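What follows is a single structure, written as structure tokens, with notes after it.
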Amino acid sequence: MTLVIKNANSDLTKAIKDIVKPTNANLMINNQKQPSKKLLKAIKQAQNGEVIKYTSFEDFRTDIYELF
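The numbering of the sequence shown is the working numbering, which starts it at 327 and goes up by one.
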């Protein structure tokens with residue numbers, strides 16, 4: 327049997343661990359969240375130098391206004 331619980335807090339994980347102990351069942355808890363595809367893409371673009379760096383807010387503002 328497989329049971330998946332998402333977005334559980336630490337109190338719930340402690341309670342589940344206590345329930346599982348006497349049954350000798352296997353318990354696997356994954357606390358690591360996976361980054362979204364958009365975030366991974368943005369990180370890759372920044373590492374490759376594909377982002378625009380501004381020296382002043384005024385330059386940034388004029389470019390943003392041109393987009394809209």
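We treat Cβ as the ideally placed atom computed from N, Cα and C, and that holds for glycine. Here the structure is a predicted model, which means the values were calculated and not measured.
Separation of the CB atoms of residue 353 and residue 367 is rounded to 34 angstroms, and the pair is thereby denied contact status at 8 angstroms. Following the DSSP letters along the chain, one finds residue 373 inside the alpha helix (DSSP H) bounded by residues 363–373. Excluding five sequence positions before and after residue 380, the CB atoms of its chain that fall closer than 8 angstroms to its own CB belong to 386 and 389, given in chain order. Distance from the Cα of residue 357 is smallest, within the candidate group 339, 394 and 384, for 339. Residue state for residue 376 is assigned as coil, using DSSP reduced to three classes.
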